[in-house]
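Down below is the structure, laid out as structure tokens.
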Amino acid sequence: MQRHIDPIETVNSIEEKSRRVLVWGATLFLVGLVEGGLIPWFTNPRMGLSAHLTAVQGGMALLIIGLAWNRLQLSDMQLRWTYYLNVAGIVTLWLALTAAAVLGTRSGTPIAGAGYGAGATAEFCVEALLTVGAVLAITGGGLFFWGLELTTWKSRAKK
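Each residue of the sequence shown is one higher than the last, beginning at 111 in my numbering.
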């Protein structure tokens with residue numbers, strides 16, 4: 111009888127998870143660079159700049175997380191959550207800001223969106239994406255920090 115392979119189980123090795131985070135980071139960084147060239151064509155170019163910077167900086171953050179992945183002292187489940195929360199959170203934030211730049215929304219980002227406005231549905235969707243992305247990224251960043259701190263605490267305890 112053949113065993114069913116869960117796609118999530120294929121992300122079990124530390125090296126593979128690290129590689130995947132690095133690929134996400136490099137991809138988002140590259141997308142951010144391309145998006146920077148498109149800023150003048152967004153409905154709200156100032157928001158386009160925010161989306162561009164979020165992609166570039168979020169990509170760099172994922173690259174840093176990927177490079178430090180083997181130092182995390184977390185269980186397999188915690189590593190899985192750290193992976194998905196960080197990637198999903200940062201990508202969701204970038205998508206929300208890009209949507210805000212294209213649609214010209216303002217409610218979720220009143221400073222960068224000043225002078226612009228969109229329909230109620232667009233405003234709600236962008237604000238919801240921003241909120242979800244922020245919660246995911248902050249939670250993922252917290253788990254990443256926790257995994258690094260456990261490494262520090264364990265090394266101090268050995269001395």
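Ideal Cβ positions, reconstructed from N, Cα and C, are used throughout, including at glycine.
{"Item": "C-beta atoms of L173 and G257 nearer than 8 Å", "Value": "no"}
{"Item": "Inside the segment 135-190 only - alpha helix (DSSP H) runs reaching at least 4 residues", "Value": "155-178"}
{"Item": "Inter-residue Cα distance where the pair is A171 and A230", "Value": "32 Å"}
{"Item": "Assigned secondary structure, Y103 (DSSP; H/G/I helix, E/B strand, else coil)", "Value": "No information on residue 103 is available, as it lies outside the stretch 111 to 269 that the chain covers here."}
{"Item": "Pairwise C-alpha distance: A238 and L177", "Value": "31 Å"}
{"Item": "Nearest-angstrom Cα separation, counted from D186 out to L205", "Value": "28 Å"}
{"Item": "Rounded separation between T153 and L240 - CA only", "Value": "18 Å"}
{"Item": "CB contact flag (G142, V166, <8 Å)", "Value": "yes"}
{"Item": "Alpha carbon of R216 to alpha carbon of R129, nearest angstrom", "Value": "36 Å"}
{"Item": "Straight-line Cα distance separating L163 from T208", "Value": "11 Å"}
{"Item": "Expected contact under 8 Å - CB spacing of I221 and L138 to nearest Å", "Value": "Actually they do not touch by this definition, with Cβ atoms about 23 Å apart."}
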